[in-house]
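Residue numbers (the working numbering): 759 to 974. Note that CB positions come from ideal geometry on N, CA and C, so glycine has one too. Just so it is clear, the structure is predicted and the values come from calculations on it, not from any experiment.
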């Protein structure tokens, strides 16, 4: 089943930056299906997630996140959960995060965006097994990790919940992983549809729904 997932463009964004998502329904035929899992936050040098299927967060450990196979809008939420844009510093982790698989020029392969329609990236120097981030210090300023508060919720559109995990970074923040790989924003992306981080240093690439590189 294929559905269409779109988000209103930010004021002033051009039609060129319109993000048109072709999203796969991965858990049943209804977007409101109670399908998800809780994940236990892994150490940055250990596997990223200990997975327990769950329909709700009741009984979850305080350090657990809930991954939900439906959108934040389906859950009655508005806004962005506290996720910032571009070079803005993420001083407090978001209460919730949304990962959406989209296709948009110049990439023909699906890649992930957050609720602000900012492209998300992976780093070739990171590892997936075990899940570990090599981007710290100045690197993490240029490439802000996609973080979330403990006990937060990760909403999905076109991403299999089994691919989503989390690690605790060296600074104590909780970073989301996809396919075992930590995911990041790029401080040089200013608006919806920007992919200015693609291919930088030959190591940074838009991340696909299973953690793969999204390329032309």
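Is it a yes or a no for the region 925-943 touching the region 893-908, going by three-plus beta-carbon pairs under 8 angstroms?
By the Cβ rule, the region 925-943 counts as touching the region 893-908, because three or more pairs are nearer than 8 angstroms.
What is the DSSP secondary structure of residue 873, counted as helix, strand or coil?
Of the three classes helix, strand and coil, the one that applies to residue 873 here is coil, per DSSP.
By DSSP's criteria, residue 889 is part of a beta bridge. Which residues make up the other side?
For residue 889, which the question treats as bridged, DSSP gives the partners 886.
Taking the alpha helix (DSSP H) that residue 899 belongs to, which residues open and close that run?
896-900
Taking Cβ positions, are residue 886 and residue 938 nearer each other than 8 angstroms?
yes
Which whole-angstrom value is the C-beta distance of residue 915 and residue 859, which I expect to be below 8 angstroms?
7 angstroms
Roughly how many angstroms lie between the CA atoms of residue 826 and residue 832, to the nearest whole one?
10 angstroms
Determine the extent of the beta strand (DSSP E) in which residue 911 is found, giving its start and end residues.
Taken as a continuous stretch (DSSP letters only), the beta strand (DSSP E) holding residue 911 covers 911-915.
Is it right to say residue 954 is buried, meaning 16 or more other beta carbons lie within 10 angstroms of its own, or is it exposed?
exposed
Does the region 869-881 come into contact with the region 921-931, if we say contact requires no fewer than three beta-carbon pairs (one atom in each stretch) closer than 8 angstroms?
With a cut-off of 8 angstroms on Cβ pairs, the region 869-881 is not in contact with the region 921-931, counting fewer than three such pairs.
Compute the Euclidean distance between the alpha carbons of residue 839 and residue 959, then round it to the nearest angstrom.
31 angstroms
Do residue 852 and residue 974 have their C-beta atoms closer together than 8 angstroms?
No, they are not a contact pair.
Short of 6 angstroms in beta carbon distance, which residues of its chain neighbour residue 948, apart from the five on each side in sequence? Order them along the chain.
Excluding residues within five positions, the ones whose Cβ falls inside 6 angstroms are 844.
In whole angstroms, give me the CA-to-CA distance for residue 961 and residue 918.
25 angstroms
Taking the C-alpha atoms as reference points, what is the distance between residue 970 and residue 881?
Cα to Cα, residue 970 sits roughly 11 angstroms from residue 881.
Short Cβ contact (8 angstroms threshold) for residue 911 with residue 824
yes
Quick check: what's the CA-CA separation for residue 920 versus residue 896?
When rounded, the distance between both Cα atoms is 31 angstroms.
Taking just the CA atoms, how far does residue 950 sit from residue 956?
Between residue 956 and residue 950, the C-alpha separation is close to 14 angstroms.
Length at least 3, wholly inside the region 826-854: the beta strand (DSSP E) runs in chain order
none
Indicate the three-state DSSP secondary structure (helix, strand or coil) for residue 919 in the structure shown.
helix
Minimum C-alpha distance to residue 874 - residue among 898, 944, 890:
Considering only alpha carbons, the answer is 944.
Can you tell me which residues form a DSSP beta bridge with residue 878?
Answer is none; residue 878 lacks a bridge partner.
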